[in-house]
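Chemist: In mature numbering (1 follows the signal peptide of the UniProt record, and there is no 0), the protein residues as written are -26 to -1, 1 to 415.
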C-alpha cells in the first residue's frame, strides 16, 4: 500500500463512484492503495485491499513464572535463552526409626514433555541448596527476573541424553553428607515442623550446565511431583528397605528465573515496555517469547483513515496474516494458536481482541511444504475489531495490536517465535481487507 498523504476522503469516493477504469489498471488515493480488484453495482462498490503494517518488538518489565506446574532448567545458545528453576521442599510425612541406616539421597523428578532445543546432545544440570528463603512479592507471585542466592558448590549433578516425550523419571544422586545430616536431623527431631526444616534447607535451585548443552527441559512441578528421596534400611531378621520423601511443597514458591542471552544489542537495550525495536532494525523480523517478556506489536499504517468508512461503508472481511521464520535446528512446530490484544501507543495492554460474538480471536496456524522449504503462517480474523474502531468517535494513531502466547505458554514456557516483518521479502505478513462503500443516489 502506498504511503501518501490523504488528499481528501471525498475525492476517494468520487474516484470509486464516477471514474470507470479497466480492472487491470491500478490507482491509489491517500492511505488506500486500490489495485487488487473492484466491482460496482447499483448499490455499492466492493474493494479488496492490502494495508501496510509495521511490526516491532517490545519487552514487558517482568513475567510471572511461579505456580505454572513446570520447572524449567537449561541453556540454549541457539534459542538465546537460559533458565534456572527454584522451589521449596518440605518435611516427610513418614516417621523415621532411630535404628534406620543411611543408604543414599537422590533428587527425583519427571519430565513434563516440554522442551526447547536440541535434545540429542548431552544435557547437564546441577542441584544447589539455597542460602536464603524463597519469598513472594506483594501479590503472592514470583517473576522471571527474581533471584535467590544458593551455595556455589552443587549438592549433586546429572548428565544425560533427554527423552522428553517418554515421561521418564530422572534420579540425581546427592551428597552423602547431606543425606546423613537429614537422617540424623529426623532421628533427633521426630516432630520437626516445616518452619524448623526451612531453617535447615531453605530451598533448591536447578541450574544448567552451559558446556555443551543446547536445550531447556521441563519437569513436572506440581505439589509432591519433585522429591528429595532419602533411602535407608532397617536390619532385623532381614533387611528392610525404606524411603522418605521430602516433597516440593506449595507451588507458589516454585518459579523459573528466565533470561534472554541474546547478543543483539537492540533487544538487550529494551529496559522498559514503552520502548520498541522496529522490524527494519531486526532484519525485517519481530520476536515473541514466553518467560522473557518479549512481545510483537503490529501497527496498521493509515488506521485513522479507515474512519472514512463510517456511515459510508463497512469492512466485510479483514484477515491478518503473520509469517514465521523457521529457526536453525528447530525441532518443534510453533504453537497451534496465538492471541491478539489491543494496546495504546506505549504498549499498555487493554483487552483481548474479540469477534462479533464476544469470543477471543485466535490465530490459526497453517503449514505449507514446498520442494525447498517449510513455511508457517498464522491467520487472524480481525473484521469485528476494525469495524469497531471505525465506529468509535476518535481513532488514535497509537492504537496497536499485540501478538501474545497463551497464559500457560507465556508464564510456563520459553517458546520462541520470530515473525517475518511486513518488509520481509516473503510478503507472508500482510493485512488483507475486503470492504464496500455505499453508492450515493
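Glycine included, each C-beta is placed from N, C-alpha and C at the ideal position.
#1: Pick helix, strand or coil for residue 271, following the three-state DSSP scheme.
#2: So who's on the other strand from residue 88, going by DSSP bridges?
#3: When DSSP labels each residue in this structure, what does residue 33 get in the three-state scheme?
#4: In terms of residue numbering, what span does the beta strand (DSSP E) encompassing residue 392 cover?
#5: Contact between the stretch 25 to 40 and the stretch 209 to 219 is defined here as three or more beta-carbon pairs at a separation below 8 Å; is this criterion met?
#6: Considering only residues of the stretch 298 to 361, which uninterrupted beta strand (DSSP E) runs meet the minimum length of 3 residues and lie entirely inside it, listed in chain order?
#7: DSSP three-state label for residue 159, please.
#8: Can you tell me which residues form a DSSP beta bridge with residue 209?
#9: Roughly how many angstroms lie between the CA atoms of residue 346 and residue 400, to the nearest whole one?
#10: By a C-beta neighbour count over all protein chains shown, 10 Å radius and 16 as the cutoff for buried, is residue 343 buried or exposed?
#11: Can you have a look at residue 263 and say buried or exposed, based on whether 16 or more other CB atoms are within 10 angstroms of its CB?
#12: Terminal residues of the continuous alpha helix (DSSP H) containing residue 171?
#13: Please classify residue 227: does DSSP put it in a helix, a strand, or coil?
#14: Report the partner residues of residue 288 according to the DSSP bridge assignment.
#15: Taking the alpha-carbon positions, what's the residue 230 to residue 265 distance?
#16: Rounded to whole angstroms, what's the CA-CA distance from residue 191 to residue 328? Just pull it up for me.
#17: So the candidates are 333, 76, 267; which of them puts its Cα closest to the Cα of residue 246?
#18: Would residue 440 and residue 254 qualify as a contact pair, given that the criterion is a beta-carbon distance under 9 Å?
#19: Does DSSP classify residue 129 as helix, strand or coil?
#20: Going straight from the alpha carbon of residue 379 to that of residue 271, what length do you get?
#21: Taking residue 351 and residue 402 to be in contact with their CB atoms under 8 Å, please state how far apart those CB atoms are, rounded to whole angstroms.
#22: Which of the three DSSP states, helix, strand or coil, is assigned to residue 77?
#23: With a threshold of 16 other CB atoms inside 10 Å of the CB of residue 53, please say whether the residue is buried or exposed.
#24: For residue 192, report the span of its alpha helix (DSSP H) as first-last.
#25: Tell me which same chain residues have a C-beta within less than 6 Å of the C-beta of residue 151, skipping the five on either side of it?
#26: Would residue 392 and residue 251 qualify as a contact pair, given that the criterion is a beta-carbon distance under 9 Å?
#27: Where DSSP assigns a beta bridge to residue 178, which residues make up the other side?
#28: For residue 223, which option in 207, 209, 178, 183 has the closest C-alpha, if you only look at C-alpha atoms?
#29: Could you check where the alpha helix (DSSP H) with residue 240 kicks off and where it finishes?
#30: Would DSSP call residue 123 helix, strand or coil?
#31: Under 8 Å: do the stretch 54 to 73 and the stretch 154 to 162 share three or more Cβ pairs, one atom per stretch?
#32: What's the C-alpha gap between residue 4 and residue 240?
#33: Pull up the CB-CB distance for residue 148 and residue 59, whole angstroms please, since I reckon it's below 8 Å.
#34: Taking all protein chains shown into account, decide if residue 209 is buried (16 or more other Cβ within 10 angstroms of its Cβ) or exposed.
#35: Can you say whether residue 228 is buried or exposed, counting buried as having 16 or more other CB atoms within 10 angstroms of its CB?
#36: Could you work out which residue in 269, 373, 100 is closest to residue 184 when comparing CA atoms only?
Modeler: So, to answer that:
#1: strand
#2: Residue pairing of residue 88 in beta bridges, as defined by DSSP: absent, with no partner found.
#3: strand
#4: 390 to 394
#5: no
#6: Taken in chain order, the whole beta strand (DSSP E) runs of length 3 or more contained in the stretch 298 to 361 are 311 to 317, 323 to 326, 336 to 343, 348 to 355.
#7: The answer is helix: DSSP assigns residue 159 an H, G or I state.
#8: 213
#9: 14 Å
#10: exposed
#11: buried
#12: 168 to 174
#13: helix
#14: 410
#15: 8 Å
#16: 34 Å
#17: Ranked by how close their Cα comes to the Cα of residue 246, the residues 333, 76, 267 have 267 in first place.
#18: Summary: the structure shown does not reach residue 440, with the chain confined to residues -26 through 415, and so no result is reported for it.
#19: coil
#20: It is roughly 13 Å from the alpha-carbon of residue 379 to the alpha-carbon of residue 271.
#21: 5 Å
#22: strand
#23: buried
#24: Looking at the DSSP string, residue 192 is not in any alpha helix (DSSP H); the run it does join, the beta strand (DSSP E), is 189 to 194.
#25: none
#26: Going by C-beta atoms, residue 392 is not nearer than 9 Å to residue 251.
#27: 61, 103
#28: 178
#29: 239 to 242
#30: coil
#31: yes
#32: With a pLDDT of 32 at residue 4, under the threshold of 50, the modelled position of that residue is not reliable, and the figure given next carries that caveat. Roughly 33 Å separates the two Cα atoms.
#33: That pair is no contact at about 16 Å.
#34: exposed
#35: That one is buried.
#36: 100
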